[in-house]
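Here is the structure we will look at.
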Amino acid sequence: MSFRDIVVDACPKSDIQRTLELSRQMAIEFGANLTVVSYAWPRTSIVGDVLAENALSVQEQTREMEDALDATRRAFDSVFAAKPAEVEWCSAIVEPTAALLDHLLSADLFITSASQEKTCVSPDAAELALRSGTPVLRLGRNLTTCRFPSVVVAWKDCSQARRALHDALPILKRADRVTIVGIGDEVSIDRLEAVDEHLRRHEVTTTGHLHVPRSEGDICGDLLTQAQREGASLIVAGVYSRGPFATRVLGGMTREMLKNTETSWFMAH
Numbered sequence: 049m050s051f052r053d054i055v056v057d058a059c060p061k062s063d064i065q066r067t068l069e070l071s072r073q074m075a076i077e078f079g080a081n082l083t084v085v086s087y088a089w090p091r092t093s094i095v096g097d098v099l100a101e102n103a104l105s106v107q108e109q110t111r112e113m114e115d116a117l118d119a120t121r122r123a124f125d126s127v128f129a130a131k132p133a134e135v136e137w138c139s140a141i142v143e144p145t146a147a148l149l150d151h152l153l154s155a156d157l158f159i160t161s162a163s164q165e166k167t168c169v170s171p172d173a174a175e176l177a178l179r180s181g182t183p184v185l186r187l188g189r190n191l192t193t194c195r196f197p198s199v200v201v202a203w204k205d206c207s208q209a210r211r212a213l214h215d216a217l218p219i220l221k222r223a224d225r226v227t228i229v230g231i232g233d234e235v236s237i238d239r240l241e242a243v244d245e246h247l248r249r250h251e252v253t254t255t256g257h258l259h260v261p262r263s264e265g266d267i268c269g270d271l272l273t274q275a276q277r278e279g280a281s282l283i284v285a286g287v288y289s290r291g292p293f294a295t296r297v298l299g300g301m302t303r304e305m306l307k308n309t310e311t312s313w314f315m316a317h
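Just so you know, we're using the numbering used here here: the sequence shown kicks off at 49 and counts up by one.
Following this line, the structure appears as structure tokens:
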């Protein structure tokens, strides 16, 4: 199992150069094709300006989005100067989350970053994982290499955790140490032992499993504390939701997890 088709978020952001460089490293590592996608859409809706018949404002916003896309294209050209056939570039002035879904339905992985742009809308990583079924690797601010020597797998007895675990296998197999962590009463030690043994059969170098009592704070805080103790640069976790698909609301752990921008997250649903 490997990542053969990777979609990269190149929507206007301050760390676009780093995201492209790390994605290029990962593509080389896995022998993957890259689709680099840059979609720009203003945080202040153009539609609202049209309704207000403010044509000048529409032109200004359009020009601003075009400038933002030009900047991302320059970053792309810098990173992929000798552009190989395995790299495709796509860009447009369109809302990014909806537009990206078309790319992700035939992808193995989506790479994005935690940073947000003040003028442009950023793709919603959790929504894309929920709606496309494609795993999402959200790069933390502290990441400097595409390799993750130490990884924490957040385990909970549910389909989302299992999906995240298996989707992350190509990364887990390359890690020096993987720790399975279960928090609170929803996870038994016996289950963590079974997951540990399952990963070993997949040739993953595990360093054991930990059952952590839940503190008075939130589960995500407990997980981050444990990841820091393990020196982990990546956390693998399922994305959880509540309610019908049309009105889906992220579960508490997912909401809290996305607030942390320092650590890298691998998420799947």
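Backbone N, C-alpha and C define an ideal beta-carbon position, used for all residues, glycine too.
Outcome for residue i when other beta-carbon atoms lying within 10 angstroms are tallied against a minimum of 16
{"i": "T311", "result": "buried"}
{"i": "R91", "result": "exposed"}
{"i": "N190", "result": "exposed"}
{"i": "D244", "result": "buried"}
{"i": "E175", "result": "buried"}
{"i": "G230", "result": "buried"}
{"i": "L153", "result": "exposed"}
{"i": "R186", "result": "buried"}
{"i": "I54", "result": "buried"}
{"i": "T228", "result": "Strictly speaking, residue 228 in this sequence is Ile, with Thr absent from that position. Buried, since its Cβ has 16 or more Cβ neighbours within 10 Å."}
{"i": "D270", "result": "buried"}
Chain-order list of residues whose beta-carbon lies under 7 angstroms from that of residue i (same chain, five-residue window excluded)
{"i": "E77", "result": "C194"}
{"i": "P171", "result": "D57, C59, P144, T145, L148 and T160"}
{"i": "G279", "result": "S198"}
{"i": "P218", "result": "M49, S50, F51 and F78"}
{"i": "H317", "result": "A177, L178, G181, Q208, R211, G286 and V287"}
{"i": "T295", "result": "Reliability of the predicted coordinates at T295 is poor, the pLDDT of 40 falling under 50, and no value is obtained from them."}
{"i": "A123", "result": "I64, Q65 and L68"}
Cβ-based neighbour list, residue i, same chain, cut-off 6 angstroms, excluding 5 preceding and 5 following
{"i": "S62", "result": "S163"}
{"i": "E304", "result": "D266 and C268"}
{"i": "A275", "result": "V200 and I283"}
Unbroken alpha helix (DSSP H) run spanning residue i, endpoints
{"i": "C268", "result": "I267 to E278"}
{"i": "V243", "result": "I237 to R249"}
{"i": "A212", "result": "S207 to D215"}
{"i": "L176", "result": "A173 to S180"}
Nonlocal neighbours in the same chain, by C-beta distance under 8 angstroms from residue i, ignoring five residues either side
{"i": "D224", "result": "P197, S198 and T253"}
{"i": "R121", "result": "S86, W137 and S139"}
{"i": "D233", "result": "R262"}
{"i": "R248", "result": "T254"}
For residue i, three-class secondary structure by DSSP
{"i": "S50", "result": "coil"}
{"i": "D63", "result": "coil"}
{"i": "L153", "result": "coil"}
{"i": "T145", "result": "helix"}
{"i": "P292", "result": "Bear in mind that the predicted position of P292 carries a pLDDT of just 47, short of 50, making it unreliable; the figure below should be weighed with that in mind. DSSP places P292 in coil when its eight states are reduced to three."}
{"i": "F78", "result": "helix"}
{"i": "F196", "result": "coil"}
{"i": "R358", "result": "Residue 358 lies beyond the range of the chain shown here (49 to 317); nothing can be said about it."}
{"i": "F314", "result": "strand"}
{"i": "A162", "result": "coil"}
{"i": "E136", "result": "strand"}
{"i": "A202", "result": "strand"}
{"i": "T33", "result": "Given a span of 49 to 317 for the chain in the structure shown, any question on residue 33 remains unanswerable."}
{"i": "V127", "result": "helix"}
{"i": "V169", "result": "coil"}
{"i": "S263", "result": "coil"}
{"i": "T83", "result": "strand"}
Where the beta strand (DSSP E) containing residue i begins and where it ends
{"i": "H257", "result": "T254 to V260"}
{"i": "V184", "result": "V184 to L187"}
{"i": "A58", "result": "Run containing A58: none; DSSP gives neither H nor E here."}
{"i": "G286", "result": "L282 to G286"}
Chain D within 9 angstroms of residue i, Cβ atoms only
{"i": "V127", "result": "Judged by its chain identifiers, the structure shown contains no chain D, having just a single protein chain."}
CB contact flag (residue i, residue j, <9 angstroms)
{"i": "P183", "j": "M74", "result": "no"}
{"i": "I64", "j": "T110", "result": "no"}
{"i": "A155", "j": "T255", "result": "no"}
{"i": "Y288", "j": "C206", "result": "yes"}
{"i": "R66", "j": "F128", "result": "no"}
{"i": "V260", "j": "V201", "result": "no"}
{"i": "H257", "j": "W313", "result": "no"}
{"i": "A173", "j": "L306", "result": "yes"}
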